[in-house]
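Chemist: FYI, the numbering for the first sequence is 28 to 222, going by the numbering used here. All residues carry an ideal CB built from backbone N, CA and C; glycine is no exception. This structure is in structure tokens; I'll ask about it shortly.
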Amino acid sequence: MFEPVPESFFEAPTLELSRDLLGQLVVHETEQGIVAGRIVETEAYMGVEDRAAHSFGGRRTRRTEIMYGRPGLVYTYQMHTHTLLNVVAGPVDTPRAILIRAVEPVEGTEIMAERRGHMPIKQWTSGPGKLTKAMGITMKYYGHHFTECPLIIAKGEPVWEVEAGPRVGIQNTGEAVHYPYRFFEKGNPFVSKYR
DNA sequence: ACGAAGATAGCCT
DNA sequence: GGCTATCTTCGTC
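Given below as structure tokens:
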């Protein structure tokens, strides 16, 4: 019932794709059932020229390797106690990625509630580490493609209004701190932070 | 083999 | 606002 978007969806230029992803659904078929969330916040990481990107300066390691692959691949990595979910963007050998920072619960809410320890709903998926926990997304999806089950991106409801601003949580990255590469749906309560 | 660092979140004062 | 959990990867010894 949830259809993956076509692979061509991911071929848009990275900043455009960051906006296009807003409103689309992340859908995960788990053992307990389907969980789905509508993307309301993203951040672009612009590859070799972006000091905040893992692939800055052409850095190519086991972790960043997937960023050099085709758009639409899953780039997961571990941040302290959390898994963070990214969409690989840009053509092959252009190591860009888009971090999914927040989603709005759409389906499988009882499963998310359990995974999030029955916190208030606003805290289930309002951050990159929170949403992966709520949706059961782990490092095993590194290198998976978002057009294939059991983890896909599907067409959702369009966003009302998009706002842009500087990215969250990056430091010591010089000018990159100010780049307006964060996109979110204006006023949406699941956006990770307003400032 | 070891130590440091990090695109976070939750709990504490 | 600060403190820290505890994971994977990377650079260096």
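#1: Just the C-alpha distance for VAL256 and ARG128, rounded to the nearest angstrom, thanks.
#2: From LEU48 to PRO216, what distance separates their C-alpha atoms?
#3: Going by DSSP, name the residue or residues bridged to GLY192.
#4: For a test of the three-state rule: what should DSSP assign to THR159, helix, strand or coil?
#5: Check whether the segment 64–80 touches the segment 125–144, taking contact to mean three or more Cβ pairs, one atom from each stretch, closer than 8 Å.
#6: Does GLU175 pass the burial test, meaning 16 or more other C-beta atoms within 10 Å, or should it be called exposed?
#7: Do PRO177 and TRP151 have their beta-carbon atoms positioned less than 8 Å apart in this structure?
#8: Classify ILE197 as helix, strand or coil using the three-state DSSP reduction.
#9: Need the endpoints of the beta strand (DSSP E) that THR69 sits in, please.
#10: Quick one: Cα of ALA80 to Cα of GLU34, how far?
#11: Between VAL218, VAL186 and PRO185, which lies nearest to GLY192 when the distance is taken from Cα to Cα?
Modeler: According to the structure data:
#1: Shown here, the chain extends from 28 to 222; a query on residue 256 therefore has no answer.
#2: A straight-line Cα-Cα distance of about 18 Å links LEU48 and PRO216.
#3: As a beta-bridge residue in DSSP terms, GLY192 pairs with ARG209.
#4: Here THR159 carries a helix assignment [DSSP, helix/strand/coil].
#5: Contact between the segment 64–80 and the segment 125–144 is present, because at least three Cβ pairs lie under 8 Å.
#6: Under this definition GLU175 is an exposed residue.
#7: No, Cβ-Cβ distance for TRP151 and PRO177 is not below 8 Å.
#8: In the three-state reduction of the DSSP assignment, ILE197 falls in the coil class, being assigned neither a helical nor a strand state.
#9: In this chain, the beta strand (DSSP E) harbouring THR69 covers 60–72.
#10: Roughly 24 Å separates the two Cα atoms.
#11: By alpha-carbon distance to GLY192, the top candidate from VAL218, VAL186 and PRO185 is VAL218.
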